[in-house]
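Engineer: Residue numbers (my numbering), protein chains in the order written: chain C, 1 to 281; chain B, 1 to 261.
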Amino acid sequence: MLYRHRWLQVLLLLAPPTGWFLVVYLGSLSVLFLSAFWLLDPLTSAVVHTFSLRNFQILLGDPTYRTIVLRTVGIAAAVTLTDALLAFPIAFYMARVAGPHARSLLFMAVLLPLWSSYLVRVYAWRVMLQPHGPVESFLSAIGLPNVEIGYSDVSMWIVFSYIWLPYMILPLYAGLERIPRSLLEASQDLGGRGGITLRRVILPLALPALAAGSIFTFALTLGDYITPTLISNSQFIGNVVYDSQGVANNIPFAAAFAIVPVVIMAGYLLIARRLGAFEAL
Amino acid sequence: MGRLGLRLATGSVLAFLYIPLVIIFLFAFNADRGQSWPIRSYTVRWFGDALANGDVRDALLLSVEAALGATAISLLLGSLAALAVHRFRFFGRETISFALVLPLALPGIVTGMALNATINTAGIGFGLVTIIVGHATFCIVVVYNNILARLRRTSSSIEEASLDLGATTWQTFRYVTLPVLRTAILAGALLAFALSFDEVIVTTFTAGTDETLPIWILNHLRQPNQRPIVNVVAVAVIVLSAVPVYLSQRLSASDAGGLSG
């Protein structure tokens, strides 16, 4: 009987997941974004439920917040670029050089850190970067005793690049693997040396995959607050949002500031879609 | 780039990925309470101390309970959504995949704050239930992707054959569809478990004063006297979240690799 009523089947299958999603997730998001237009009464610290753009005026007007947004976006961009550079050789090796056995080993080696122990991997860097820690002794061993990385924007750049690197390697590997061998051979037959083939054939064909990977590296950096608090003393969008919510208890302002990375990401996704990133995910 | 250069670069990137993890393993066996490098002598006593620590045991138990709960909910909801999207054409079908991935794609702090605001407004007490709800929300997509990928690679003719041979819809599901999906379901469940087990950002907003294992690490890593135990717990989290991922990958080894397994 059920088989004949297809709409009933669809309804039965879909009602639980969409119901959950609408109520728990989209409902919560609406509550949050709605509260961005409310205000905190400075005297009573109570949320005033009247529509206002005051939070956004503060965000746009105060140069402190502009600096924080620029720093966050700048580091996210630097991390994305670094990860693209680091990911390319290993992804290329996995896709075009390694045999099947080495390839599956490498795939697993990249996949494991992607899915597990985000916090532990950040913590490991905190241990490495501490005074008299492994990084310091490594730097003085190679003759750079006075270079200080510990807990700065530089350390944040290194650690973010480290944490999100697998998210760049895997899409890029998949993208490079899809390039037909015949195109590379054609380029060589036509006199394209390694460098030219790389620049004129491989890179343009790998661009959608690079864009796909960059969505992760950029978005994940933009929204993070754990790494900045553990690795540096700099203010990041995530920290300010977290402190406004948890320490200052100013949920309307936290919500307004949390919209900033979401808007930036929406813009980024539009560009990435132009580059064909969604087909390469 | 020469082949040797490529090999060197690959090796360096692998070293970059794994050296911090090796270092944390070594520090977990460091006999010295201080954390200076290089390590002078090794011990296993911190593992015993960590096991004897009541807070750590409670946190481990809470993490496992939360991961099991989140996995169960995402298994149910993720497979229902995957079956619906694969079987039927309906209004809004294209947006389901997009909507389900949002909790993973949007910053965790946004998901966390949104859930926190709702839990506060609804007046629900923070604890195991709210942790599970938060984790399930972003774990659904993992199960969904695994099962949908398997369904798409499975020919629908075997189900049609079963129905043609007189099996009921339920019998077809129980004896044909489910066995085909079994490893995909298991792989999705393992990934969901791992994702939940070491999640920290959303959890900080949904746990209240309860501590999962990652939250315990976060709360104690600044206390110098707790550092040896934090190192041991960190190693435990690496192992307990890596093993399910490894098993999951082995289960779907025949699948073409993608981010979502």
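Note that the Cβ used here is the ideal one computed from N, Cα and C, for glycine as well.
(1) Any C-beta of chain B within less than 8 Å: which residues of the region 100 to 124 of chain C qualify?
(2) Identify the residues that DSSP records as bridge partners of residue 30(B): which are they?
(3) Using a Cβ cut-off of 8 Å (strictly closer), state whether residue 37(B) contacts chain C.
(4) Would you report the Cα separation of residue 33(C) and residue 132(B), rounded to the nearest angstrom?
(5) To the nearest angstrom, how far is it from the Cα of residue 107(B) to the Cα of residue 117(B)?
(6) Return the CA-CA distance between residue 240(B) and residue 190(B), expressed in angstroms with no decimal places.
(7) Report the CB separation of residue 77(B) from residue 17(C) in whole angstroms; it is logged as a contact under 8 Å.
(8) Among all the DSSP beta bridges, which residues are the ones paired with residue 40(C)?
(9) How would you list, in chain order, the residues of chain C whose beta-carbon sits under 8 Å from the beta-carbon of residue 200(B)?
(10) According to DSSP, is residue 9(B) helix, strand or coil?
(11) If I'm right that residue 232(C) touches residue 155(C) with Cβ under 8 Å, what's the distance once you round it to whole angstroms?
(12) Using a Cβ-Cβ cut-off of less than 8 Å, give me the residues of the region 213 to 232 of chain B that come near chain C, in sequence order.
(13) Output the residue ranges of the alpha helix (DSSP H) runs that lie fully inside the region 160 to 188 of chain B and measure 4 residues or longer, sorted by chain position.
(14) Residue 225(C) by DSSP, collapsed to three states: which one?
(15) Is the CB of residue 156(C) under 8 Å away from at least one CB in chain B?
(16) Is the distance from the Cβ of residue 147(B) to the Cβ of residue 79(B) below 8 Å?
(17) Any idea what DSSP makes of residue 61(C), helix, strand or coil?
(18) Enumerate in chain order the residues of its own chain whose CB-to-CB distance from residue 244(C) is below 7 Å, with the five nearest sequence positions on each side excluded.
(19) Three or more beta-carbon pairs under 8 Å between the region 193 to 202 of chain B and the region 103 to 118 of chain C, yes or no?
(20) What are the residues of the region 75 to 87 of chain B that lie near chain C, defined by any Cβ-Cβ distance shorter than 8 Å?
(21) Give every residue of the same chain whose Cβ lies closer than 6 Å to the Cβ of residue 150(C), excluding the five residues on either side of it in the sequence, and list them in chain order.
(22) Mind reading off the beta-carbon distance from residue 80(C) to residue 237(C)? Whole number of angstroms is fine, and I expect it under 8 Å.
(23) So, is residue 279(C) buried or exposed, given that buried needs 16 or more other C-beta atoms within 10 angstroms?
(24) In the region 101 to 149 of chain C, which residue ranges form an unbroken alpha helix (DSSP H) of at least 4 residues, counting only runs that do not cross its ends?
(25) Report the residue from 11(C), 189(C), 178(C), 76(C) whose alpha carbon sits nearest the alpha carbon of residue 225(C).
(26) Are the beta-carbon atoms of residue 272(C) and residue 211(C) separated by less than 8 Å?
(27) Can you confirm whether the region 57 to 65 of chain B touches the region 201 to 212 of chain B when touching is taken to mean that 3 or more C-beta pairs between the two stretches lie within less than 8 Å?
(28) Output, in sequence order along the chain, the residues in the region 235 to 247 of chain C whose CB is closer than 9 Å to any CB in chain B.
(29) Should residue 238(B) be flagged as near chain C, meaning a C-beta pair shorter than 8 Å?
(30) Are the CB atoms of residue 48(C) and residue 41(C) within a distance shorter than 8 Å?
(31) Just how far apart, CA to CA, sit residue 251(B) and residue 179(B)?
(32) Please classify residue 257(B) as buried or exposed, where buried requires at least 16 other C-beta atoms within 10 Å of its C-beta.
(33) Assuming residue 264(C) and residue 220(C) make a contact with CB atoms under 8 Å, what is their CB distance in whole Å?
(34) Is it right to say residue 135(B) is buried, meaning 16 or more other beta carbons lie within 10 angstroms of its own, or is it exposed?
(35) In the region 253 to 275 of chain C, which residues sit with their C-beta less than 9 Å from some C-beta in chain B, listed in chain order?
(36) With 8 Å set as the bound, which would you pick, yes or no: does the beta-carbon of residue 27(B) sit closer than that to a beta-carbon of chain C?
Structural biologist: Looking at the atomic coordinates:
(1) Contacts with chain B (Cβ-Cβ distance below 8 Å) from the region 100 to 124 of chain C involve 104, 106, 107, 108, 109, 110, 111, 112, 113, 114, 115, 116, 117, 118, 119, 120, 121, 123, 124, listed in chain order.
(2) For residue 30(B), the pairing in a beta bridge is given by DSSP as 42(B).
(3) Closer than 8 Å to the CB of residue 37(B) there is at least one CB belonging to chain C.
(4) If you take the alpha carbons of residue 33(C) and residue 132(B), they lie about 23 Å apart.
(5) The straight-line gap from Cα to Cα measures roughly 16 Å.
(6) Taking the straight line from one Cα to the other gives about 11 Å.
(7) Between residue 77(B) and residue 17(C), the beta carbon gap of about 4 Å places them in contact (Cβ cut-off 8 Å).
(8) Bridge partners of residue 40(C): 47(C).
(9) Per Cβ cutoff of 8 Å: 118, 119, 226.
(10) Residue state for residue 9(B) is assigned as helix, using DSSP reduced to three classes.
(11) The pair is a contact, with the Cβ atoms about 6 Å apart (cut-off 8 Å).
(12) For the region 213 to 232 of chain B, the set of positions with a beta-carbon nearer than 8 Å to some beta-carbon of chain C reads 214, 217, 218, 221, 230, 231 in chain order.
(13) Runs of the alpha helix (DSSP H) inside the region 160 to 188 of chain B: 169 to 172.
(14) In the structure shown, residue 225(C) sits in coil (DSSP, three-state: anything other than H, G, I, E or B).
(15) The beta-carbon of residue 156(C) is placed no less than 8 Å from the nearest beta-carbon of chain B.
(16) When the beta-carbon positions are compared, residue 147(B) and residue 79(B) come within less than 8 Å of each other.
(17) Residue 61(C) carries a helical assignment under DSSP once its states are collapsed to helix, strand and coil.
(18) These residues qualify, in order along the chain: 250, 253, 254, 257.
(19) Yes, they touch.
(20) Correct list: 76, 77, 78, 80, 81, 83, 84, 87.
(21) For residue 150(C), where only same-chain residues beyond five positions count, the Cβ hits under 6 Å are 129.
(22) Between residue 80(C) and residue 237(C) a beta carbon distance of about 16 Å is seen, past the 8 Å cut, so the two are scored as non-contacting.
(23) Around the beta carbon of residue 279(C), fewer than 16 other beta carbons sit within 10 angstroms, so the residue counts as exposed.
(24) Counting only runs of 4 or more, we get 118 to 129, 134 to 141.
(25) When only C-alpha atoms are compared, the closest one is 76(C).
(26) In contact: residue 272(C) and residue 211(C) (Cβ atoms closer than 8 Å).
(27) Yes, they touch.
(28) Under the 9 Å Cβ criterion, the region 235 to 247 of chain C contributes 237, 238, 241, 242, 245, 246.
(29) Yes - at least one Cβ of chain C is within 8 Å of the one on residue 238(B).
(30) Yes, the pair counts as a contact, with Cβ atoms nearer than the cut-off.
(31) Near 14 Å, if we compare the C-alpha coordinates of residue 179(B) and residue 251(B).
(32) The pLDDT assigned to residue 257(B) is 42, lower than 50, so where the model puts this residue is not dependable; a value taken from the coordinates is nonetheless given after this. Counting the other CB atoms within 10 Å of its CB gives residue 257(B) a total of 16 or more, which places it among the buried residues.
(33) The Cβ separation is near 13 Å, so there is no contact.
(34) Buried, since its Cβ has 16 or more Cβ neighbours within 10 Å.
(35) Under the 9 Å Cβ criterion, the region 253 to 275 of chain C contributes 254, 255, 258, 259, 261, 262, 265, 269.
(36) Yes, residue 27(B) lies at the interface with chain C (some Cβ there is under 8 Å from its Cβ).
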